[in-house]
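The sequence shown begins at 24 in my numbering and counts up one residue at a time.
Where is the CB? At the ideal position from N, CA and C, for every residue including glycine.
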Amino acid sequence: MKRTLLFLSLAAGLLTACQRTEVEPAPEPAICPIGPLECIDPTRINLNAGCTAQYDPVCGCDGKTYSNACVADNAGVRFYTKGACATKAN
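Written as structure tokens, this is what we have:
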């Protein structure tokens with residue numbers, strides 16, 4: 024009984040951690056003209072969610088490069104584009 028309960032708990036955890044959420048496409052340019060508070064949606068922040076370690080960078084509307092879309096989603100980023108953010112030349 025305990026093993027069954029443990030298995031079901033783990034299965035439920037994996038299913039919720041691997042859910043793909045619908046993300047709005049980022050407007051061009053990658054750095055959005057909106058303010059930083061509009062870029063990050065606090066209701067989307069999920070610090071307990073698990074993401075793969077796969078490096079497939081995305082550039083968030085906050086100008087930060089995230090290792091993959093899952094990491095950006097869980098950081099509350101509303102808009103991002105595929106690829107790393109451009110570095111600013113000084």
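State the start and end residues of the unbroken beta strand (DSSP E) segment that holds V94. Here V94 belongs to no beta strand (DSSP E); instead the alpha helix (DSSP H) covers 92-97.
Per DSSP, I63 forms a beta bridge with which residues? V100
Between which two residues does the beta strand (DSSP E) containing G83 stretch? 81-83
Return the chain-ordered list of same chain residues with a C-beta closer than 6 Å to the C-beta of A95, the five sequence neighbours on each side being excluded. V81, G83, Y89, Y103
Proximity below 8 Å, CB of C74 to CB of N97: yes
Would you mind stating whether N114 and D79 have Cβ atoms separated by less than 8 Å? A question about residue 114 goes unanswered here, because the residues of the chain that appear run from 24 up to 113.
If we count the other Cβ atoms within 10 Å of its Cβ and call it buried at 16 or more, is D64 buried or exposed? exposed
Thinking C-alpha only, which one of A72, M24, D85, C93 is nearest C108? D85
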